[in-house]
Amino acid sequence: MTAAARSRMVRGAQPGVWALRGILVAGILLALLAGLPEGRVPPVWLVVVLVLSAVLSAFRPEHLAMAMTLGVVLVWWAFAIGDGMPMAALVAAAGLTAAHVAATLLGYGPPSLPVDPRLALLWTGRGVLAWLAALVVWGVARTYSGHGTPALFWLTGLAAALVAAVVAGVTVPVRGEGEGE
Amino acid sequence: MNDAPTRWHATSSLGRSLIVGGLGAALALAAGRPGLVVLVAPLLLMAALALVHKPVVEPRVFSTPARQQLHEGQGTRLRLETHDLDDVEHVTRMMSPQPFLAAHPVDGVFGQLLSRGEAVAPFEVSPRRWGTRSVGGEKVAMTTAWAGYRWGPVALMGREVGVLPTVTHVRSGGEAPQPIGLIGAHRSRRDGDGTEFSSIRRFHAGDRLRRINWRVSLRQGTLHVESTRAEEDTAVLVIVDALADYGESEGVGGAASSLDVTVRAASSLAEQYIGGGDRVALRVLSPGGEYAGYGTGTRHLRRILILLSRIRPGIPRDVAIDQIDFRATAGTVVVVISPMLSEPLATATVRLVRRGLPVIVVDPLPPGSTPSAYPGSEAKVAELAWRMRLLDRSHLLTQLAAAGCPVVPWNGPRTLEEVLRRLARRAAMPRVGA
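In the order they appear, the protein sequences are chains A and B. Per the numbering used here, residue 1 is the first one in the first sequence, and the count goes up by one each step. Per the numbering used here, residue 1001 is the first one in the second sequence, and the count goes up by one each step.
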């Protein structure tokens, strides 16, 4: 290993890895603080705890701590969101998606693995595509707000989930199907 | 169904999106918070798409064996033979770090987004120091689309590769002091069927007609011929001192330890003399006691290089150095490559000189080099001990020079030329009988 080659790593990680770690922490904070403009202010201790666990998750993206951190954000929103469908939910969804995508990219290899620009671009597209699902749900809920009862929404959602499960059951291949033929 | 255990397993990314997505949906349902569905919808979609891409085929991966032998600084490509990569979107290869093994990519790890039918890119490795190196040990992991499943990481074993010292191709310009063989490129003291002019003398029966010098013959009135010197080969014995290694080695192109210089000097000398048609033998003073008898030709050179690459420094246990029979016959040029920090070796060298053999000591000790001190020993004491050893060494070198044995520092393949010329001139001088 030459000195010039070594210099690309910054404190044991590639610059791209540090950028992803930053995106992960920023995504979690964005998801937590997205309600601030609408007056949804989380307690300081929660912000501190989440910053610490977000930093831990940035260094251990495959650890359960990452899922728990996102879970805590969800629990906070369960208290803060009420019955409404605020715009802040979309921003929070973007933060959660960005943090999840960053953690997924970090999980492809050790910190010494340079971030492949093609892979990063692919996952950016995927993240945006996945976030569109949140936009669709938000848009549908806002459009039909006042046109149906909450029970109707839940029944529609349950039916959609059932249809998705059946479609997935049919299309998802079972291990061994493609072998021995 | 195939019941063989699979190496595919769900990734933490899939687990996280399922856990968080499920938690969000459950909270939304239990607490009547439909807005939470917006938050987890992207994660649920990603989990669903990851599940859709569940793999069905087990990939097969083999590392193609590296070359059995390489030279220092030479590079090779480590390819990965793969089959059944239909479900694979991304491959990560991570090479085990090895001392004196440079890799490209430099950090020994790379990822590749695979297109359908695309081969996995090779690693490029280059051993930086002679010896035996383990090459090709790595871990391979593969990931499906949407990062739902990962195969491995699977460890692939490397193989031992003999790294031969570098050889500098230089034709010998020095003449052997006492060539005694039948073939070769050294100028003999005897006249014979060579190319180098020796004298013009009267024609004798048996002389070749094409050797007649007509101009001199007409002038003198009798036939005269041009005589040439014979060309002969010589025997070269290279004695390698591998009793210890002093200084730090950084591999080819970096700082060299005493043993690095020794091994590279021995390989260069062997190549130089074997290339000139001489017979070369090698004797290594080490626990392994590597020895190659007199021989010539490419195969013999390769044997010498392999023996040099197997050297492990240390003191021979089964033999006293000053008692070794070096099997040097009359006329053999003896090259001792040693920092002369061992008194028994100096004694053995003087014994060879006293037998009338042309002996040259090549000093491989790099300037400013220090030995590695035992852990826990005081730095000042170690420094003092080393200075005392250097004083001993300088005394030994002076004694060797006084005994008629030139000592030269290694300065590339042409180091010995001037010394050999001096020795040849000395050997050609008339001697007074005792």
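We treat Cβ as the ideally placed atom computed from N, Cα and C, and that holds for glycine.
Extent of the continuous beta strand (DSSP E) run through B/K1139: Sequence index remark: in the second sequence, residue 1139 of chain B carries index 139 (1-based). From DSSP, the beta strand (DSSP E) with B/K1139 extends over 1138 to 1143.
How big is the Cα-Cα spacing for B/F1326 and B/V1161? Start at 1 with the first residue of the second sequence, and residue 1326 of chain B comes out as number 326. Start at 1 with the first residue of the second sequence, and residue 1161 of chain B comes out as number 161. Their backbone Cα atoms lie some 30 Å apart in a straight line.
By the DSSP assignment, the alpha helix (DSSP H) with B/D1260 in it spans what residues? For the purposes of this step, residue 1260 of chain B is taken as residue 260 along the second sequence, with counting starting at 1. Taken as a continuous stretch (DSSP letters only), the alpha helix (DSSP H) holding B/D1260 covers 1258 to 1275.
So, is B/A1379 buried or exposed, given that buried needs 16 or more other C-beta atoms within 10 angstroms? Counted from its first residue, the second sequence places residue 1379 of chain B at position 379. Under this definition B/A1379 is an exposed residue.
Cβ neighbours of A/W131 in the same chain (closer than 7 Å, five flanking residues each side left out): The residue you call residue 131 of chain A lines up with position 131 of the first sequence. Taken in chain order, the residues that qualify are A93, A94, T97.
Using alpha carbons as the reference points, say which of B/V1038, B/M1046, B/A1205 lies closest to A/A141. Looking up residue 141 of chain A in the first sequence gives position 141. When each option's Cα is compared against that of A/A141, the closest is B/V1038.
So with CB distances below 8 Å, who are the chain D contacts of A/W131? Protein chains in the displayed structure are A and B, and chain D is not among them.
Roughly how many whole angstroms lie between the Cα atoms of B/I1180 and B/D1278? One-based indexing of the second sequence puts residue 1180 of chain B at position 180. One-based indexing of the second sequence puts residue 1278 of chain B at position 278. Its pLDDT being 49, under 50, B/I1180 is placed unreliably by the model, and the measurement read from it follows with that caveat. Their Cα atoms are separated by approximately 10 Å.
Is the Cβ of A/V10 closer than 8 Å to any Cβ of chain B? The residue labelled residue 10 of chain A in the question sits at position 10 within the first sequence. No - not a single Cβ of chain B is within 8 Å of the one on A/V10.
Check the Cβ of A/M87 against every Cβ in chain B and list those closer than 7 Å, keeping chain order. Translated into the one-based positions of the first sequence, residue 87 of chain A becomes position 87. Residues of chain B passing the Cβ test: none, with the nearest at roughly 10 Å.
Looking at the structure shown, is A/H100 part of a helix, part of a strand, or coil, going by DSSP? Indexing the first sequence from 1 puts residue 100 of chain A at position 100. Correct three-state label for A/H100: helix.
Cut-off 8 Å between Cβ atoms - residues of its own chain near B/D1084, not counting five sequence neighbours on either side: The count along the second sequence starts at 1 and reaches residue 1084 of chain B at position 84. So the qualifying residues of the chain are V1057, E1058, P1059, R1060.
The alpha helix (DSSP H) that contains B/S1017, what's its start and end? On the second sequence, residue 1017 of chain B is found 17 positions in, with the first residue counted as 1. B/S1017 -> alpha helix (DSSP H) spans 1012 to 1031.
With a 10 Å radius around its C-beta and 16 neighbouring C-beta atoms as the bar for buried, classify B/F1062 as buried or exposed. The residue labelled residue 1062 of chain B in the question sits at position 62 within the second sequence. Per the 10 Å Cβ criterion, exposed.
Is it buried or exposed for B/A1434, if we count other Cβ within 10 angstroms and need 16 for buried? On the second sequence, position 434 is the one that residue 1434 of chain B refers to. At B/A1434 the pLDDT is 43, less than 50, meaning the model places this residue with poor confidence and gives no usable figure here.
Helix, strand or coil for B/V1252, going by three-state DSSP, please let me know. Start at 1 with the first residue of the second sequence, and residue 1252 of chain B comes out as number 252. Coil at B/V1252, not helix or strand.
B/I1239 and B/V1167 look like a contact to me (Cβ under 8 Å); what is the Cβ gap, rounded to whole Å? Within the second sequence, numbered from 1, the residue matching residue 1239 of chain B stands at position 239. Within the second sequence, numbered from 1, the residue matching residue 1167 of chain B stands at position 167. Going by Cβ atoms, the distance from B/I1239 to B/V1167 rounds to 19 Å, so no, they are not a contact pair.
Just confirm the distance between the C-beta atoms of B/P1316 and B/P1287, as a whole number of angstroms; I'd bet it's less than 8 Å. Mapped onto the second sequence, residue 1316 of chain B falls at position 316. Mapped onto the second sequence, residue 1287 of chain B falls at position 287. By a beta-carbon distance limit of 8 Å, B/P1316 contacts B/P1287. Their separation comes to about 6 Å.
Classification of B/R1077 by the beta-carbon crowding that lies within 10 angstroms, buried from 16 upward: In the second sequence, counting from the first residue as 1, residue 1077 of chain B sits at position 77. Result: exposed.
Buried or exposed, going by whether 16 or more other CB atoms sit within 10 Å of the CB of B/Q1220? In the second sequence, counting from the first residue as 1, residue 1220 of chain B sits at position 220. B/Q1220 should be labelled exposed.
Any beta carbon of chain A sitting closer than 8 Å to that of B/V1037? In the second sequence, residue 1037 of chain B corresponds to position 37, counting from 1. Closer than 8 Å: yes.
Kindly list, in the order they appear in chain B, the residues whose Cβ is closer than 8 Å to that of A/L119. Locating residue 119 of chain A in the first sequence gives position 119, where the first residue counts as 1. By Cβ distance, chain B contributes H1090, G1111, L1113.
A/S112 CB to nearest chain B CB: under 8 Å? As a first step, residue 112 of chain A must be located in the first sequence, where it is residue number 112. Using a CB distance cut-off of 8 Å, A/S112 counts as an interface residue toward chain B.
Using the rule of at least 16 other Cβ atoms within 10 Å of the residue's Cβ for burial, across every protein chain shown, is A/V49 buried or exposed? As a position in the first sequence, residue 49 of chain A is number 49, starting the count at 1. A/V49 should be labelled exposed.
Neighbour list for B/R1116 in chain A, Cβ cutoff strictly below 9 Å: As a first step, residue 1116 of chain B must be located in the second sequence, where it is residue number 116. What B/R1116 touches in chain A: nothing, since even the nearest Cβ is about 15 Å away.
Check for me: the alpha helix (DSSP H) holding B/F1203 runs from which residue to which? Residue numbering aside, residue 1203 of chain B sits at position 203 when the second sequence is read from its first letter. Looking at the DSSP string, B/F1203 is not in any alpha helix (DSSP H), and its letter there is neither H nor E.
Taking Cβ positions only, does A/V72 come closer than 8 Å to chain B? The sequence position of residue 72 of chain A within the first sequence is 72, counting from 1. A/V72 does not count as touching chain B.
Using a Cβ-Cβ distance cut-off of 8 Å, determine whether B/G1024 contacts chain A. For this step, residue 1024 of chain B is matched to residue 24 along the second sequence. Chain A places a beta carbon closer than 8 Å to that of B/G1024, counting this residue as a contact.
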